[in-house]
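S.K.: Numbering (the numbering used here), first residue to last: 22 to 204.
Cβ atoms here follow ideal geometry from the backbone N, Cα and C, with glycine treated the same way.
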């Protein structure tokens with residue numbers, strides 16, 4: 022009986038298995054793949070250290086109430102050292118305006134001390150030797166929306182955050198940042 026694979030076939034099979042195993046070993050099990058968002062720029066300066074981030078999720082959604090509704094924009098961007106989560110809520114909107122993807126161009130603020138919660142920014146720091154992030158306690162933050170294009174589903178703006186007893190300071194910008202609109 023002849024062997025099914027000859028010597029060169031077995032060598033090729035072995036090389037394929039090694040490549041597959043090495044590719045799986047490099048996968049990050051925490052963050053999903055970055056969103057494909059051509060032309061997007063997401064920058065962070067955290068305690069005077071610059072970071073370029075990749076978009077991992079961005080969602081525009083609505084919550085209807087008896088008296089109208091609120092609109093929410095949630096953006097998450099990461100790299101191998103840091104994660105930024107931005108949450109903006111805007112409203113009240115009438116039933117006729119709740120379905121469109123526009124929000125007010127303005128600065129949305131958050132303050133832990135005064136419970137203002139329109140523009141929350143959260144900083145996560147990668148924990149060495151771990152697969153997760155340590156999320157810092159936000160003291161104050163703001164998010165300024167400078168442009169939103171409902172046709173291309175892209176948003177533009179900048180943000181500021183002060184965390185951990187005002188010992189961690191960050192600011193940055195996001196441009197041509199894609200979002201998924203849930204209706």
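Could you check if residue 61 is buried or exposed, using at least 16 other CB atoms within 10 Å of its CB as the buried criterion?
M.R.: Buried.
S.K.: Run through the region 121-170 for me and flag every whole beta strand (DSSP E) of 3 or more residues, listed as ranges in chain order.
M.R.: Complete beta strand (DSSP E) runs here, min 3: 128-132, 140-147, 154-156 and 159-170.
S.K.: Can the beta-carbon of residue 162 be found less than 8 Å from the beta-carbon of residue 140?
M.R.: The answer is yes: Cβ separation under 8 Å.
S.K.: On the CB-based measure, 16 or more other CB atoms within 10 Å of its CB, does residue 92 come out buried or exposed?
M.R.: Buried, by the Cβ-count rule.
S.K.: Are the CB atoms of residue 179 and residue 198 nearer to each other than 8 Å?
M.R.: The answer is no: Cβ separation not under 8 Å.
S.K.: Have a look at 159, 67, 59 and 57 and flag the residue whose alpha-carbon is nearest the alpha-carbon of residue 102.
M.R.: Among 159, 67, 59 and 57, the Cα nearest to that of residue 102 belongs to 67.
S.K.: Let's test the definition: count the other Cβ atoms within 10 Å of the Cβ of residue 159 and tell me whether it reaches 16, buried, or not, exposed.
M.R.: Flag for residue 159 reads buried.
S.K.: Judging by CA-CA distance, which residue of 100, 134 and 182 is the nearest neighbour of residue 147?
M.R.: Minimum Cα distance to residue 147 is reached at 100.
S.K.: Please classify residue 57 as buried or exposed, where buried requires at least 16 neighbouring CB atoms within 10 angstroms.
M.R.: Residue 57 should be labelled exposed.
S.K.: Let me know if residue 126 comes out buried or exposed under the rule of 16 or more other beta-carbons within 10 Å of its beta-carbon.
M.R.: It counts as exposed.
S.K.: Tell me the DSSP secondary structure of residue 110 in three-state form.
M.R.: Here residue 110 sits in strand by DSSP.
S.K.: So who's on the other strand from residue 90, going by DSSP bridges?
M.R.: DSSP, once it has assigned bridges, lists 85 and 114 as partnering residue 90.
S.K.: Using CA coordinates, which residue listed in 190, 195 and 119 is at the minimum distance from residue 250?
M.R.: Here the chain has residues from 22 to 204 only, and residue 250 is not among them.
S.K.: Give me the Cα-Cα distance between residue 110 and residue 129, rounded to the nearest whole angstrom.
M.R.: Taking the straight line from one Cα to the other gives about 8 Å.
S.K.: Helix, strand or coil: how does DSSP classify residue 41 here?
M.R.: With a pLDDT of only 38 at residue 41, under the threshold of 50, the placement of this residue in the model should not be trusted, and no figure is reported.
S.K.: Taking residue 198 as part of the beta strand (DSSP E), name the residues at either end of that continuous run.
M.R.: Taken as a continuous stretch (DSSP letters only), the beta strand (DSSP E) holding residue 198 covers 189-199.
S.K.: Is it buried or exposed for residue 108, if we count other Cβ within 10 angstroms and need 16 for buried?
M.R.: It counts as buried.
S.K.: What span of residues does the beta strand (DSSP E) with residue 65 cover, start to end?
M.R.: Segment 62-67, the beta strand (DSSP E) holding residue 65.
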